[in-house]
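There are 2 protein chains.
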Amino acid sequence: MSILVVGSVAFDTIKSPSGRVEKELGGAATYFGLCASYFTDVRIVAVVGEDFGPEQEAVFKKRNIDLGGLQRSAGKTFHWGGEYGENLNEAKTNFTHLNVFEQFKPQLPASYRETPFLFLANIDPELQSEVRRQMNGTKLVGGDTMNYWINGHRAALMETLKLVDLLLINDTEAKMLAKETSVPRAAQKVLAMGPKALVIKHGEYGATIFFGDGSFKGIGHHPFRAPTLPIDEVKDPTGAGDSFAGGFMGYLAGQGKVTRETLKRAMFYGGVMGSFAVEDFGTRRLQNLTRDEIEERFQIFRELTHLD
Amino acid sequence: MSILVVGSVAFDTIKSPSGRVEKELGGAATYFGLCASYFTDVRIVAVVGEDFGPEQEAVFKKRNIDLGGLQRSAGKTFHWGGEYGENLNEAKTNFTHLNVFEQFKPQLPASYRETPFLFLANIDPELQSEVRRQMNGTKLVGGDTMNYWINGHRAALMETLKLVDLLLINDTEAKMLAKETSVPRAAQKVLAMGPKALVIKHGEYGATIFFGDGSFKGIGHHPFRAPTLPIDEVKDPTGAGDSFAGGFMGYLAGQGKVTRETLKRAMFYGGVMGSFAVEDFGTRRLQNLTRDEIEERFQIFRELTHLD
Numbered sequence: 188m189s190i191l192v193v194g195s196v197a198f199d200t201i202k203s204p205s206g207r208v209e210k211e212l213g214g215a216a217t218y219f220g221l222c223a224s225y226f227t228d229v230r231i232v233a234v235v236g237e238d239f240g241p242e243q244e245a246v247f248k249k250r251n252i253d254l255g256g257l258q259r260s261a262g263k264t265f266h267w268g269g270e271y272g273e274n275l276n277e278a279k280t281n282f283t284h285l286n287v288f289e290q291f292k293p294q295l296p297a298s299y300r301e302t303p304f305l306f307l308a309n310i311d312p313e314l315q316s317e318v319r320r321q322m323n324g325t326k327l328v329g330g331d332t333m334n335y336w337i338n339g340h341r342a343a344l345m346e347t348l349k350l351v352d353l354l355l356i357n358d359t360e361a362k363m364l365a366k367e368t369s370v371p372r373a374a375q376k377v378l379a380m381g382p383k384a385l386v387i388k389h390g391e392y393g394a395t396i397f398f399g400d401g402s403f404k405g406i407g408h409h410p411f412r413a414p415t416l417p418i419d420e421v422k423d424p425t426g427a428g429d430s431f432a433g434g435f436m437g438y439l440a441g442q443g444k445v446t447r448e449t450l451k452r453a454m455f456y457g458g459v460m461g462s463f464a465v466e467d468f469g470t471r472r473l474q475n476l477t478r479d480e481i482e483e484r485f486q487i488f489r490e491l492t493h494l495d
Numbered sequence: 188m189s190i191l192v193v194g195s196v197a198f199d200t201i202k203s204p205s206g207r208v209e210k211e212l213g214g215a216a217t218y219f220g221l222c223a224s225y226f227t228d229v230r231i232v233a234v235v236g237e238d239f240g241p242e243q244e245a246v247f248k249k250r251n252i253d254l255g256g257l258q259r260s261a262g263k264t265f266h267w268g269g270e271y272g273e274n275l276n277e278a279k280t281n282f283t284h285l286n287v288f289e290q291f292k293p294q295l296p297a298s299y300r301e302t303p304f305l306f307l308a309n310i311d312p313e314l315q316s317e318v319r320r321q322m323n324g325t326k327l328v329g330g331d332t333m334n335y336w337i338n339g340h341r342a343a344l345m346e347t348l349k350l351v352d353l354l355l356i357n358d359t360e361a362k363m364l365a366k367e368t369s370v371p372r373a374a375q376k377v378l379a380m381g382p383k384a385l386v387i388k389h390g391e392y393g394a395t396i397f398f399g400d401g402s403f404k405g406i407g408h409h410p411f412r413a414p415t416l417p418i419d420e421v422k423d424p425t426g427a428g429d430s431f432a433g434g435f436m437g438y439l440a441g442q443g444k445v446t447r448e449t450l451k452r453a454m455f456y457g458g459v460m461g462s463f464a465v466e467d468f469g470t471r472r473l474q475n476l477t478r479d480e481i482e483e484r485f486q487i488f489r490e491l492t493h494l495d
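Here the protein sequences come in this chain order: A and B. Per the working numbering, the first sequence starts with residue 188, numbered consecutively. Per the working numbering, the second sequence starts with residue 188, numbered consecutively.
Structure follows, in structure tokens:
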């Protein structure tokens with residue numbers, strides 16, 4: 188089944204211990220869409236400026252990603268600049284030029300409104316809720332958020348969380364959202380806010396999915412943990428979380444059903460796509476993968492964690 | 188096969204958000220020995236003072252731990268005082284009274300010298316090397332160390348690392364020892380210092396075992412990662428690492444052989460024992476476990492991580 192992602196398409200200028208790139212194609216919807224495209228049909232709703240040209244378009248086209256919901260506005264595309272020191276877990280933002288993204292009002296083409304799987308990437312929770320309400324008969328809604336919305340727009344975010352089936356955030360965000368210091372306790376509090384399941388990403392240590400009382404039917408209460416690959420050289424961690432979400436949600440959409448089995452595999456595919464993302468700058472590694480390469484890495488993840 | 192552990196037996200006075208205990212039985216050799224005792228015969232070489240009485244002795248006796256190598260000195264037993272804030276990953280030391288431990292010179296009873304498995308808990312690397320040299324025909328030597336020795340006694344530690352088959356340390360220690368910021372890169376550098384395999388403990392995220400070029404025969408080069416349980420309430424994290432080591436080495440000794448299969452299961456049993464350790468203060472939870480409880484938790488660890 189197809190999946191719709193609403194979020195940012197952007198340019199990133201990134202410095203890391205492995206080098207530097209200028210105006211590299213990025214943005215949450217880009218990372219997410221490319222990763223999901225290896226598993227299912229992808230539609231993107233986003234906004235770009237006049238500097239988004241055929242070169243960038245070709246990246247999406249090559250992966251058969253539907254750009255019918257891509258708005259083109261006068262002005263420049265969202266441009267983020269950041270750098271990573273030796274501690275690759277934390278980015279230092281050098282600049283954030285929102286440009287056309289500042290006035291982003293997601294408009295869903297009529298043909299998009301019944302897309303069975305929806306992912307609300309990290310944007311203003313009010314916009315996330317608005318998009319959700321434009322949809323009809325959606326089967327599964329995934330969502331992301333960040334510290335900025337958790338701290339400054341809590342009320343709006345609480346409304347969004349009631350509309351989201353699956354929330355994907357990291358340790359710090361989960362603790363901040365729940366006002367808790369223990370991750371497992373934070374998970375239970377966040378689940379009480381609405382989502383049926385919560386994926387907490389642990390950076391280089393993988394991710395855990397937690398289930399609440401009102402979770403998917405027949406899913407059970409036991410959490411499940413997927414690893415990431417211990418990678419010697421992480422070139423650029425930008426977009427690793429969005430890539431995880433793309434692999435995770437894309438796999439679920441491709442399978443068309445949410446069971447304990449598909450969720451567990453989705454966690455592995457999320458980790459797999461995140462591990463590819465960080466191997467090169469921007470989305471480079473994600474543009475030319477093959478399903479064979481993905482399956483091969485899936486097997487490495489299995490061997491990394493399985494006893495038998 | 189039996190295992191010998193050389194390290195500290197101590198009293199701990201601990202405060203955590205869950206409460207406070209005074210002069211609770213602790214020390215690396217105690218945690219290690221109790222955990223290993225569920226898998227094999229355990230011998231302890233340590234030193235205690237006059238305040239170590241029948242009550243403490245009974246804890247070891249109940250687990251059939253051989254105290255023939257326990258030295259009794261005039262004075263008081265090593266006493267550590269520390270506390271944990273909401274961030275349970277870091278202890279704040281309130282006092283360290285080394286007492287009789289300050290003059291600890293491990294003396295191995297003649298009958299101990301051919302014990303097939305040996306664990307050198309976190310003590311002065313010069314003493315670790317001395318113990319190793321007192322042993323004859325040992326099959327496998329495991330070791331631990333800490334920041335204090337890594338920073339202040341590097342030369343002595345480098346000598347010890349040549350005598351150790353398996354080193355168990357945490358992320359911070361591995362990075363410090365290798366002078367590296369990436370864990371996988373640090374792992375390769377530490378393996379080049381001598382050990383055949385390196386277990387890096389990631390606290391609440393589990394642990395990874397890495398193998399070097401000159402590793403155990405037929406072991407392969409792929410790392411293996413075991414989880415820990417997401418525990419809602421960690422009462423007291425003291426000794427979690429020593430408990431991991433006790434489960435890990437104890438299981439290997441019980442099996443009597445080091446293969447990829449036994450190492451993988453040992454990683455799981457390490458995590459299992461660590462997860463029990465933190466559920467109550469000191470070694471309380473570790474004194475009265477059953478093999479059934481251990482196997483049950485092993486299955487929970489399996490379900491937490493396995494696809495099928």
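No residue lacks a Cβ here, since even glycine has one placed at the ideal position from N, Cα and C. Source: prediction; values computed, not measured.
What residues are listed by DSSP as bridge partners for A:V208? A:I201
If you measure from the beta carbon of B:I418 to each beta carbon in chain A, is any gap under 9 angstroms? yes
How about A:Q321: is its C-beta nearer than 9 angstroms to some C-beta of chain B? no
I want to see whether chain B comes within less than 9 angstroms of A:I337, judged by CB atoms only; does it? no
N-terminal and C-terminal residue of the beta strand (DSSP E) that B:F398 is part of: A394 to F398
How about the segment 321 to 332 of chain B and the segment 299 to 308 of chain B: do they share at least three Cβ pairs that are nearer than 8 angstroms? yes
Rounded C-alpha distance that separates A:L176 from A:V193: Only positions 188 to 495 of chain A appear in this structure, which leaves residue 176 of chain A out of reach.
If we define contact as Cβ-Cβ less than 9 angstroms, is B:R452 a contact residue for chain A? yes
Nearest CA to the CA of B:A343: which residue from B:M322, B:L314 and B:N357? B:L314
Straight-line Cα distance separating B:T359 from B:G339: 16 angstroms
Should B:Y456 be counted as a contact of the ligand SAH given a C-beta to heavy atom distance under 8 angstroms? In the structure shown, the ligand SAH is absent, as is every other ligand, since no ligand is present at all.
Can you tell me which residues form a DSSP beta bridge with A:L306? Checking the displayed sequence, the identity of residue 306 of chain A turns out to be Phe instead of Leu. A:F306 is bridged to A:V192 and A:G329.
Alpha carbon to alpha carbon, what distance is there between A:K249 and A:L473? 11 angstroms
Judging by CA-CA distance, which residue of B:S205, B:M188 and B:G213 is the nearest neighbour of B:D199? B:G213
Does the segment 464 to 480 of chain B come close enough to the segment 422 to 438 of chain B that 3 or more CB-CB pairs lie under 8 angstroms? yes
Determine the chain B residues that contact A:E466 at a beta-carbon separation under 8 angstroms, and present them in chain order. In chain order: nothing, as chain B lies at least about 13 angstroms away.
Under 9 angstroms, Cβ to Cβ, is there at least one residue of chain B near A:L491? yes
Leaving out the 5 sequence neighbours to the left and right, which residues in its chain are closer than 7 angstroms to B:M436 when beta-carbon positions are compared? I190, A223, F304, F306 and G329
Could you give the first and the last residue of the continuous beta strand (DSSP E) run that contains B:F282? A278 to H284
I'd like to know if B:T359 contacts chain A, where contact means its C-beta is closer than 9 angstroms to some C-beta of that chain. no
Interface residues of chain A facing B:T395 [CB-CB closer than 8 angstroms]: P417
Got a sec: which bits of the segment 325 to 356 of chain B sit with their beta carbon under 8 angstroms from any beta carbon on chain A, in order along the chain? none
For the alpha helix (DSSP H) that contains A:K451, what are its first and last residues? R447 to A464
Express the C-alpha separation of B:R300 and B:G324 in angstroms, rounding to a whole number. 8 angstroms
Assuming contact is defined by CB atoms lying nearer than 9 angstroms, are B:F219 and B:A440 in contact in what I supplied? no
Locate the beta strand (DSSP E) running through A:Q258, then write down its first and last residues. D253 to R259
Cutoff 9 angstroms: B:R372 Cβ touching any chain A Cβ: yes
Taking all protein chains shown into account, do 16 or more other C-beta atoms lie within 10 angstroms of the C-beta of B:Y335, making it buried, or fewer, making it exposed? exposed
Against chain A, with Cβ distances strictly below 9 angstroms, would B:H408 count as a contact? no
So B:I252 packs on B:V232, CB below 8 angstroms; how close in whole Å? No, B:I252 and B:V232 are not in contact; Cβ-Cβ is about 12 angstroms, not under 8 angstroms.
When you compare the CB of B:I487 with every CB in chain A, is at least one pair closer than 9 angstroms? yes
Can you name the residues of chain A whose CB is closer than 8 angstroms to the CB of B:Y392? H389, Y392 and G393
Candidates B:L353, B:S203 and B:E244: which alpha carbon is nearest B:N274's? B:S203
What are the residues in the segment 227 to 255 of chain A lying within 8 angstroms of chain B by C-beta distance? none
Taking just the CA atoms, how far does A:L364 sit from A:P312? 14 angstroms
Quick check: the Cα distance between B:G405 and B:L450, rounded to an integer number of angstroms? 12 angstroms
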